[in-house]
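As you go down the protein sequences, you meet chains Y and C in turn.
In the working numbering, each number is its position in the first sequence, counted from 1, plus 1.
In the working numbering, each number is its position in the second sequence, counted from 1, plus 331.
Glycine included, every Cβ here is placed at the ideal spot set by N, Cα and C.
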Amino acid sequence: LAKTTQPISMDSYEGQEVNITCSHNNIATNDYITWYQQFPSQGPRFIIQGYKTKVTNEVASLFIPADRKSSTLSLPRVSLSDTAVYYCLVGGGGATNKLIFGTGTLLAVQP
Amino acid sequence: DAGVIQSPRHEVTEMGQEVTLRCKPISGHNSLFWYRQTMMRGLELLIYFNNNVPIDDSGMPEDRFSAKMPNASFSTLKIQPSEPRDSAVYFCASSLGRGSYNEQFFGPGTRLTVL
């Protein structure tokens with residue numbers, strides 16, 4: 002099973018770009034990489050998903066190198082409301098559909 | 332759409348009692364997931380249903396835990412008997428499609444405290 006590792010916390014200031022990296026060394030061939038955001042007392046919320054290379058949507062970008070052993074979530078120009086815990090989720094591919102959540106990264110955005 | 336609905340939002344019970352958590356997925360979604368979140372272990376997938384059939388229950392901690400999905404609009408997670416180490420926030424999520432990689436929509440969670 003893919004084990005995921007993320008930094009425990011990160012600090013940033015409003016308007017900066019933030020990059021959060023997740024390590025998943027033993028990702029399986031069919032596994033997808035998905036990132037979720039979680040605010041206190043709420044369930045996680047989908048941000049972005051990718052399989053390889055780069056994916057961009059209206060809120061974030063996801064960079065995945067060729068070996069797929071890591072991924073980087075990029076949040077452009079963060080605001081105070083982006084303060085939350087960010088999780089990478091690896092899995093979902095193949096017959097087993099196993100899903101492994103990372104430990105989560107607490108992003109604190111300051112004025 | 333009301334989103335994923337979970338009940339109760341909070342549950343306090345005593346060790347040894349039976350606990351039943353309930354979930355109503357988003358209408359039209361055909362996959363449903365139960366998760367447990369604790370400070371020590373983070374988010375753990377307990378069980379995953381597709382079209383009301385359990386696909387993967389390898390995350391269910393032990394025989395004290397059971398989950399059912401009698402129809403497409405309702406699922407339960409039961410703990411019997413409950414123990415203090417079961418204290419956690421339990422999330423239900425639903426998605427459209429068979430693969431567990433599809434975007435999941437989470438409910439607000441049930442905070443369970445077992446005394």
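- With respect to Tyr432 (chain C), Tyr33 (chain Y) sits close: the two C-beta atoms are nearer than 8 Å.
- Residue environment for Asn381 (chain C): buried (at least 16 other C-beta atoms within 10 angstroms of its C-beta).
- Looking at the DSSP output, Met11 (chain Y) sits in a beta bridge with Y:Leu108.
- Contact check for Ile21 (chain Y) against Leu74 (chain Y) passes: the beta carbons are separated by less than 8 Å.
- The segment 399-412 of chain C makes no contact with the segment 5-25 of chain Y: fewer than 3 CB pairs, one atom from each, lie closer than 8 Å.
- In the displayed model, Ser431 (chain C) falls within coil according to three-state DSSP, outside both helix and strand.
- Minimum Cα-Cα distance from Gly51 (chain Y) among the listed residues Y:Phe64, Y:Ser10, Y:Lys70 and Y:Val79 corresponds to Y:Phe64.
- With respect to the C-alpha of Gly347 (chain C), the residue from C:Gly438, C:Lys409, C:Gly440 and C:Ala424 having the closest C-alpha is C:Lys409.
- Chain Y places no beta carbon closer than 8 Å to that of Phe380 (chain C), leaving this residue out of the contacts.
- Ranked by Cα distance from Tyr87 (chain Y), the first of Y:Thr30, Y:Val110 and Y:Asn31 is Y:Val110.
- Following the DSSP letters along the chain, one finds Ser82 (chain Y) in no beta strand (DSSP E), marked with neither H nor E.
- Bridge pairing for Glu375 (chain C): C:Arg367 [DSSP].
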